[in-house]
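Visitor: Per the numbering used here, the sequence shown starts with residue 82, numbered consecutively.
Okay, here's the structure, questions in a sec.
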Amino acid sequence: MAAGRTASQNAKKRAKRAKSTLRTEENRVRLTKARARTIKKKKSFGIRPEYDTTEYKEWSRAVKVRDGFKCQFPNCGKTRCTLHSHHIIRWVDAPHLRYVLSNGICLCKRCHDRVTGAENLYVGVFSMIVYQNTLNQINRNNER
Ligand SMILES: [Zn+2]
82 MAAGRTASQN AKKRAKRAKS TLRTEENRVR LTKARARTIK KKKSFGIRPE YDTTEYKEWS
142 RAVKVRDGFK CQFPNCGKTR CTLHSHHIIR WVDAPHLRYV LSNGICLCKR CHDRVTGAEN
202 LYVGVFSMIV YQNTLNQINR NNER
């Protein structure tokens, strides 16, 4: 049989989803447990508290917007994946550049892992990419 769900399978799935979001005591407990697991998981991955600030999130978002939600590593260009905002000059090396837009570049997780530990090697090329993306963003904004 061809791939894809039949109409009745879709209806069953919808019904199941509707049931799972009902405000019942059972669902409340289930969701609370799920949230606790997420928090525990985040802690075990060591999400740093400084990454949990509005300032950081806004910076990270602005970097991704400027870069079109696309990995900027040369010849990568992935979009449908986990995207990170990488600090071109490392966070620890330049506290005054932590939230400066031009010090960030959008990378996919894989490329970010590749860069981590060798950040200094990429400062030049990333700066050139960001320079071009910034000019493109200015031009886009002027066209509006
Ligand atoms: Zn990439």
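Virtual Cβ for every residue (Gly too), placed ideally from N, Cα, C.
Rounded to the nearest angstrom, what separates R191 and F207 at their Cα positions?
Guide: Roughly 16 Å separates the two Cα atoms.
Visitor: Helix, strand or coil for C162 per DSSP?
Guide: In this structure, C162 counts as coil in the three-state DSSP scheme.
Visitor: Under 8 Å by Cβ, that's how I've got C187 and K145 pegged, so tell me the actual separation to the nearest angstrom.
Guide: With 8 Å as the limit, C187 and K145 qualify as a contact, their Cβ atoms being about 5 Å apart.
Visitor: Report yes if the C-beta distance between S183 and T215 is below 8 Å; otherwise report no.
Guide: Yes, Cβ-Cβ distance for S183 and T215 is below 8 Å.
Visitor: Counting only runs that start and end within the region 149-220, where is the alpha helix (DSSP H) found for 4 or more residues in a row?
Guide: Correct list: 190-196.
Visitor: Just tell me which of I169, G149, H168 and N201 has its CA closest to the CA of T160.
Guide: Looking at the Cα atoms, G149 is the closest of the given residues.
Visitor: Please work out which residues of its chain come closer than 7 Å, Cβ to Cβ, to I210, disregarding the five sequence neighbours upstream and downstream, and give them in chain order.
Guide: Closer than 7 Å at Cβ, skipping near neighbours: Q153 and I186.
Visitor: What residue range is occupied by the uninterrupted alpha helix (DSSP H) comprising T135?
Guide: T135 to R147 is the extent of the alpha helix (DSSP H) around T135.
Visitor: Determine the closest residue to N201 out of Q218, C189, D174 and Q213, with distance taken between C-alpha atoms.
Guide: The candidate whose alpha carbon is nearest that of N201 is D174.
Visitor: Count the other CB atoms within 10 Å of the CB of H168; is the residue buried (16 or more) or exposed (fewer)?
Guide: Under this definition H168 is a buried residue.
Visitor: Which residues in the same chain as T113 place their Cβ atom closer than 7 Å to its Cβ, once the five residues preceding and following it in sequence are excluded?
Guide: Cβ neighbours of T113 beyond the five flanking positions: none.
Visitor: Are the beta-carbon atoms of E136 and Y180 separated by less than 8 Å?
Guide: Yes, Cβ-Cβ distance for E136 and Y180 is below 8 Å.
Visitor: For L164, count neighbouring C-beta atoms within 10 Å of its own C-beta (all shown protein chains included) and say buried if the count is 16 or more, exposed if not.
Guide: Result: buried.
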